[in-house]
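Novice:
Residue numbers (the working numbering): 15 to 212.
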């Protein structure tokens, strides 16, 4: 019986960490990262500052942890992609999974977009850029025509644009995400055909 209790407690502790991250990101978005204090985060969570301190010592730590947790799936995707054959199916799957990861991490990317100075200071942007470059290297065929290399890279940009530039297109967000994914998938498919793939 002991096993399940521990499992539940672990999960609950995990949830506290996640709740701290979610609430911190909410506050950062509402009033700005600079103006948000650990005390305010604790107050909104209705926990003591000591309880918050148990998980995170600074708001920088909170932000870096959010970034690491939400971008872990990108790292896993890169690892997976590097082991796959360079087929169209692989590229389409990378685009599909990356779209899902971006959707999950949307609040973080909005924060990064709006707080570029902080992101630069904490070196978060560099890490993220490096990951995007790794993804690009997996889906781009180095021997393809330049136009097809650009198409593949543009598939990733299309997914990013879906988050920032197309937010206000109106309509149902789910429909919009579907449309963005379709365009990104079309780009890698076209590039693959161009590269002489079947």
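Idealized CB from N, CA, C, for every residue including glycine.
Return yes when the Cβ of residue 67 is within less than 9 Å of the Cβ of residue 129, no when it is not.
Specialist: No, they are not a contact pair.
Novice: With a CB to CB cut of under 8 Å and the five nearest residues on each side skipped, what residues in its chain are close to residue 56?
Specialist: Excluding positions up to five away in sequence, the list reads 62, 63, 65, 66.
Novice: If you follow the alpha helix (DSSP H) that residue 105 is part of, which residue opens it and which one closes it?
Specialist: Unbroken alpha helix (DSSP H) run through residue 105: 102-118.
Novice: Does residue 202 come out as helix, strand or coil in the three-state DSSP assignment?
Specialist: Here residue 202 sits in helix by DSSP.
Novice: Pull up the distance between the alpha-carbon of residue 33 and that of residue 193, whole angstroms please.
Specialist: Between residue 33 and residue 193, the C-alpha separation is close to 32 Å.
Novice: Hey, could you find the ends of the alpha helix (DSSP H) residue 132 is sitting in?
Specialist: Per DSSP, residue 132 belongs to the alpha helix (DSSP H) from 130-135.
Novice: Which residues in the same chain as residue 20 place their Cβ atom closer than 6 Å to its Cβ, once the five residues preceding and following it in sequence are excluded?
Specialist: Note that residue 20 scores a pLDDT of 49, beneath 50, so its modelled location is shaky and nothing firm can be said.
Novice: Let me make sure I understand the geometry here. Which of 152, 124, 119 has the alpha-carbon closest to that of residue 102?
Specialist: Comparing Cα positions, the closest option is 152.
Novice: Any idea what DSSP makes of residue 71, helix, strand or coil?
Specialist: Residue 71 falls in the coil class under three-state DSSP.
Novice: Evaluate contact between the segment 126-144 and the segment 158-172, counting only Cβ atoms and requiring at least three cross-stretch pairs below 8 Å.
Specialist: Touching, no, given that fewer than three Cβ pairs across the two stretches are closer than 8 Å.
Novice: Just checking my contact of residue 104 with residue 95 at CB under 8 Å: how many whole Å lie between their CB atoms?
Specialist: That belief holds up - the Cβ atoms of residue 104 and residue 95 are roughly 7 Å apart, short of 8 Å.
Novice: Roughly how many angstroms lie between the CA atoms of residue 182 and residue 190, to the nearest whole one?
Specialist: Approximately 10 Å between the Cα atoms of the pair.
Novice: State the start and end residues of the unbroken alpha helix (DSSP H) segment that holds residue 141.
Specialist: Its alpha helix (DSSP H) spans residues 138-153.
Novice: What span of residues does the alpha helix (DSSP H) with residue 159 cover, start to end?
Specialist: Segment: none, residue 159 is in no alpha helix (DSSP H) and carries neither H nor E.
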